[in-house]
Each structure stands twice: as C-alpha cells, then as structure tokens.
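Undergrad: Dumping the structure here so I can ask a few things about it.
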Amino acid sequence: MIKKDLNTKQVSDLFGVNDSTVRRWAMAGKIKCLPSAGGHRKFSYDNIIAFANKQGIKLNELYKSTKTSQTNNSNQILKYALAQDHSSIEKFLIEIYLKGVPLSDIMDNYVEQALVKLQKKLDLKKISVAEEHIGRKIISKSLNNFKLSINQKKITNDK
412 MIKKDLNTKQ
422 VSDLFGVNDS
432 TVRRWAMAGK
442 IKCLPSAGGH
452 RKFSYDNIIA
462 FANKQGIKLN
472 ELYKSTKTSQ
482 TNNSNQILKY
492 ALAQDHSSIE
502 KFLIEIYLKG
512 VPLSDIMDNY
522 VEQALVKLQK
532 KLDLKKISVA
542 EEHIGRKIIS
552 KSLNNFKLSI
562 NQKKITNDK
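Residues are numbered in this note's numbering as their position in the sequence shown, beginning at 1, plus a constant of 411.
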C-alpha cells in the first residue's frame, strides 16, 4: 500500500484554506499531525477525516466545490493502469474519497469508466490482450488496497 500522509500544502488545498491556517490548526491541536524526518508536518487520512467530522465540515461539500471532469479522471486512471502504476491509482482514489466523492460514484463514474475505456482500446486493437489483462489487474490491486485503507479508517473511527 502507499504512504497515507499529506503535507500542509495538500491539506490546505483539500480544505480550501491557506497553508498557515493548517499550521495554526496543528499548533492549536485541532488537527493531529506527526513531524517528518525533516521537521515538516505529516497529516494522516484518518486525522484529516476526524478533524473534518469534529469541525462539522462535510467532505461532500469539499467534493462539490472542487469537482473536476470525471472524463479526465477516468483517463488518468486508465493511464496509470497501462503504466502499471497501482500506487498512483490508489492515491487518486483515496484523495477523491477524502473530498467526499461517494463510493458508488467512485466505482460508477471513475473506475467503471476507466475499465470501459480499457476494453475499448482492446477492441480497437490499440493495446494487446496482455496489456488489457495487466491493466485490469492493476486496477483490481488498487481497489483492494483502497478498500483496505477505507476499512482501516472505519476500524479506527469505531474505537
């Protein structure tokens, strides 16, 4: 699985605030973070979700305010699959989940669309059967790791 931490800039982008606001939240203990080896702040996905819930920030509001083209996103998943880059797919899925995209939308509008495009490339003979098979396996591995990440969050939040 991939590293599951965001830096200050990534968290500020997620919440639509300035970097210094996130630093103040961390110094005030409002959002938990860990220092990196270089002294920078690292924010786990679990801590980001806990902060959002505690502050009453609905992640689906973040999704609506930062929604990007689903076509471009499914193309990105396809590109990563053909490059055999499962960790980038997993990271992408986690990031859109954190932005409040419902799991059903992730599957229907992102993953399924990427799989349809993968099949279309095979049908048009733009890729080989082996490339299509490997691409599906890469997406499957990414989904499994994504599921494990989501389940870990649920276990942590239930305690």
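Idealized CB from N, CA, C, for every residue including glycine.
1) Given a cut-off of 9 Å on the beta-carbon distance, is the pair Ala456 and Ser560 in contact?
2) With distances taken from CA atoms, which of Val527, Ala437, Phe462 and Asn483 is nearest Leu509?
3) Return the CA-CA distance between Asp519 and Leu535, expressed in angstroms with no decimal places.
4) If you draw a straight line from the C-alpha of Leu417 to the C-alpha of Leu526, how long is it?
5) So, does the segment 490-507 touch the segment 542-553, judging by three or more C-beta pairs under 8 Å?
6) Does the beta-carbon distance from Ala437 to Phe454 come in below 9 Å?
7) What residue range does the beta strand (DSSP E) around Ser455 cover?
8) Would you tell me roughly how many angstroms separate the C-alpha atoms of Lys558 and Leu533, rounded to the nearest one?
9) Let's see if you can read the secondary structure: which residues bound the alpha helix (DSSP H) around Lys528?
10) What are the partner residues of Pro446, as DSSP defines its beta bridges?
11) Classify Thr419 as buried or exposed, calling it buried when 16 or more other Cβ atoms lie within 10 Å of its own Cβ.
12) Considering only their Cβ atoms, is the gap separating Ser485 from Gln524 smaller than 9 Å?
13) What number of angstroms, rounded off, separates the C-alpha of Val540 from the C-alpha of Gln495?
14) How big is the Cα-Cα spacing for Tyr521 and Cys444?
15) Could you pull out every residue in the same chain whose Cβ sits closer than 6 Å to the Cβ of Ala492, ignoring the five residues on either side in sequence?
16) Whole angstroms are fine: how far does the CA of Glu506 sit from the CA of Arg435?
TA: Reading from the atomic positions:
1) It should be noted that the sequence gives Tyr, not Ala, for residue 456. Against a cut-off of 9 Å, the Cβ pair of Ser560 and Tyr456 comes out as a contact.
2) If we check each option's Cα against that of Leu509, Phe462 comes out closest.
3) 23 Å
4) 28 Å
5) yes
6) yes
7) Element bounds for Ser455: Arg452 to Ser455.
8) 27 Å
9) Glu523 to Asp534
10) Arg452
11) buried
12) yes
13) 15 Å
14) 30 Å
15) Cβ within range, chain order: Gly546, Ile549 and Ile550.
16) 23 Å
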